[in-house]
Amino acid sequence: MFALCDVNSFYASCETVFRPDLKGRPVVVLSNNDGCVIARSAEAKPFVKMGEPYFKQKDLFRRHGVVCFSSNYELYADMSNRVMTTLEEMSPRCEIYSIDELFCDLTGVRNCRDLTEFGREIRATVLQRTHLTVGVGIAQTKTLAKLANHAAKRWQRQTGGVVDLSNVDRQRKLMAALSVEEVWGVGRRITKNLESLGIKTVLQLADTDIRFIRKHFNVVLERTVRELRGEQCLELEEFAPVKQDIICSRSFGDRITAYEDMRQAICSHATRAAEKLRNEHQYCRFISAFVKTSPFAHNEPYYGNSASVKLLTPTQDSRDIILAATRCLDTIWKNGCRYQKAGVMLGDFYSQGVAQLNLFDENAPRKNSQKLMDVLDRLNTEDGRGTLYFAGQGIQQKWQMKREMLSPRYTTRYADLLTVK
DNA sequence: TCTGGGGTCCTAGGACCC
DNA sequence: TCTGGGGTCCTAGGACCC
Numbered sequence: 001m002f003a004l005c006d007v008n009s010f011y012a013s014c015e016t017v018f019r020p021d022l023k024g025r026p027v028v029v030l031s032n033n034d035g036c037v038i039a040r041s042a043e044a045k046p047f048v049k050m051g052e053p054y055f056k057q058k059d060l061f062r063r064h065g066v067v068c069f070s071s072n073y074e075l076y077a078d079m080s081n082r083v084m085t086t087l088e089e090m091s092p093r094c095e096i097y098s099i100d101e102l103f104c105d106l107t108g109v110r111n112c113r114d115l116t117e118f119g120r121e122i123r124a125t126v127l128q129r130t131h132l133t134v135g136v137g138i139a140q141t142k143t144l145a146k147l148a149n150h151a152a153k154r155w156q157r158q159t160g161g162v163v164d165l166s167n168v169d170r171q172r173k174l175m176a177a178l179s180v181e182e183v184w185g186v187g188r189r190i191t192k193n194l195e196s197l198g199i200k201t202v203l204q205l206a207d208t209d210i211r212f213i214r215k216h217f218n219v220v221l222e223r224t225v226r227e228l229r230g231e232q233c234l235e236l237e238e239f240a241p242v243k244q245d246i247i248c249s250r251s252f253g254d255r256i257t258a259y260e261d262m263r264q265a266i267c268s269h270a271t272r273a274a275e276k277l278r279n280e281h282q283y284c285r286f287i288s289a290f291v292k293t294s295p296f297a298h299n300e301p302y303y304g305n306s307a308s309v310k311l312l313t314p315t316q317d318s319r320d321i322i323l324a325a326t327r328c329l330d331t332i333w334k335n336g337c338r339y340q341k342a343g344v345m346l347g348d349f350y351s352q353g354v355a356q357l358n359l360f361d362e363n364a365p366r367k368n369s370q371k372l373m374d375v376l377d378r379l380n381t382e383d384g385r386g387t388l389y390f391a392g393q394g395i396q397q398k399w400q401m402k403r404e405m406l407s408p409r410y411t412t413r414y415a416d417l418l419t420v421k
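Numbering-wise, the working numbering puts 98 at position 98 of the first sequence, and it's gapless, one number per residue.
Take a look at the structure:
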């Protein structure tokens, strides 16, 4: 038996926790560069579209008195940690699935207590400790638990935010009322294809012949269908598997046209990617960089390109990664473009210690590389990111992203502590 | 003027092996 | 007229998730 707990309107709720004056008002949180809407409070949901550009809805927001925030990831990450710690205390085995979602294994819990009651206790505890509200969905498989969670949210008033879907008759009743697009793993494309085959409700999907699904789709959807029938195909992943690639990319606050600015941006992304790589205790051989202009600017030609290198010896040294990334940039840089976004990607990972040195590598391994990286990481952890940085990252960084409606980092900076009058 | 930033898994097809 | 059969590995692209 699984439970899926997720925080209602997570980013928007993190903002309102510290702003009781916003109670009852529509609140939205925007993506980086204040680009798109990525979270909405319950009050904003009826008339604000998810994923829509901010600039297109600005007037609407003004008319409705919508309060906007730039995304404040430092705040959300800290609030997420508080929620997850609380949930992990209450449940023996957990999987943190995303910044605001967690699966619990309730296998043993079922024997000693009522699951709905347990769900309510989870809700009450998280609410008391964080002032955030979670929805809880309970069922035999992860896919069904997700569906139960969806129902808990959709009919929050009737369900009290907790739905135990372990009863098969209840499962079928709910599935008959929901359309296939609500199923975890069924996106826009598959919804369209299913509908063209006459499969519209979740119940119809669950009752479709497995061989038919396999023939028209793939093994991924087959697993989803089996899970909807109560057959467990997905395990609880208690321990995060090691990453297979790392990407650092950003849109620019203003378009970049000068090579020097782009070089700084690529250098910064490479530095950040190298930090993440060392944090994973990995070495990489594959390094690539990409640049692109805006895909939405119809009055100028689109240009997007990427280049990559494969090192002979795996590395985790920022200097190697910066060098490789900027070399990639030099092969794809084109003058005269108004660049909107750039990034660096690392892949082909090797674990620490098993990196095989190459007999013919003309670049001898750097001396004291590890010691230097240790010092770099320690200073930047203890005294804050950016304490020690590479000259190539630049000092002005006029390409930095825009965040004009940023809230204070209430829980992680003394200077940002909430003042109570 | 202005449209996010990460990730995962699977499949098909090509190159290559004997 | 007619040119096998069985594999592996890698990559690009498409789908999905939050």
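Glycine residues also receive a C-beta, built at the ideal position from the N, C-alpha and C atoms.
From a predicted model like this one, the values you see are computed outputs, not experimental measurements.
Item                                                                                                                                                                     : Value
DSSP state of F290, grouped into three classes?                                                                                                                          : strand
Using only CA atoms, which one of K192, V162, V344 lies nearest to G119?                                                                                                 : V162
With respect to the alpha helix (DSSP H) encompassing K58, which residues constitute its N-terminal and C-terminal limits?                                               : 54-64
Which residue marks the beginning of the alpha helix (DSSP H) containing K215, and which one marks its end?                                                              : 210-216
CB-CB under 6 Å to R403, same chain, minus the five flanking residues each way: which ones, in chain order?                                                              : S70
Per DSSP, what are the beta-bridge partners of L4 in this structure?                                                                                                     : F103, G137
Locate the beta strand (DSSP E) running through A151, then write down its first and last residues.                                                                       : Per DSSP, A151 belongs to no beta strand (DSSP E); it is in the alpha helix (DSSP H), 142-154.
Does DSSP put R223 in a helix, a strand or coil?                                                                                                                         : helix
In this structure, what does DSSP give as the bridge partners for F349?                                                                                                  : C284
Within the same chain, show all residues whose beta-carbon is closer than 7 Å to that of D416, passing over the 5 residues directly before and after it, in chain order. : P408, R409, Y410
Residue range of the alpha helix (DSSP H) that I395 falls in?                                                                                                            : Careful: I395 lies outside any alpha helix (DSSP H) and carries neither H nor E.
Does D245 pass the burial test, meaning 16 or more other C-beta atoms within 10 Å, or should it be called exposed?                                                       : exposed
Give me the residue from S306, N8, P301, Q370 with the minimum Cα distance to K153.                                                                                      : N8
In terms of residue numbering, what span does the alpha helix (DSSP H) encompassing I322 cover?                                                                          : 318-332
Using a Cβ-Cβ cutoff of less than 8 Å, which residues in the same chain neighbour R30 once the five nearest sequence positions on both sides are dropped?                : This sequence places Leu at residue 30; Arg is not what is there. C36, V37, I38, Y54, C68, F69, S70, S71, M405, listed in sequence order.
Under 8 Å between the Cβ atoms of V180 and C5?                                                                                                                           : no
When the Cα atoms are used, what is the spatial distance from M262 to T313?                                                                                              : 27 Å
Can you tell which of T141, T412, V66, I199 has its C-alpha closest to the C-alpha of F47?                                                                               : V66
Using DSSP with H/G/I as helix, E/B as strand and the rest coil, what is V83?                                                                                            : helix
Are the CB atoms of L132 and V28 within a distance shorter than 8 Å?                                                                                                     : no
Between L127 and the rest of its own chain, which residues show a CB-CB distance below 7 Å, the 5 nearest in sequence each way excluded?                                 : T133
Which word fits A240, buried or exposed, when buried means at least 16 other C-beta atoms lie within 10 angstroms of its C-beta?                                         : exposed
What does the alpha-carbon distance come out to for the pair S91 and N81?                                                                                                : 15 Å
Express the C-alpha separation of R338 and R327 in angstroms, rounding to a whole number.                                                                                : 20 Å
Can L234 and K142 be called in contact, C-beta distance under 8 Å?                                                                                                       : yes
Look at M401 and R255 and say whether their C-beta atoms are less than 8 Å apart.                                                                                        : no
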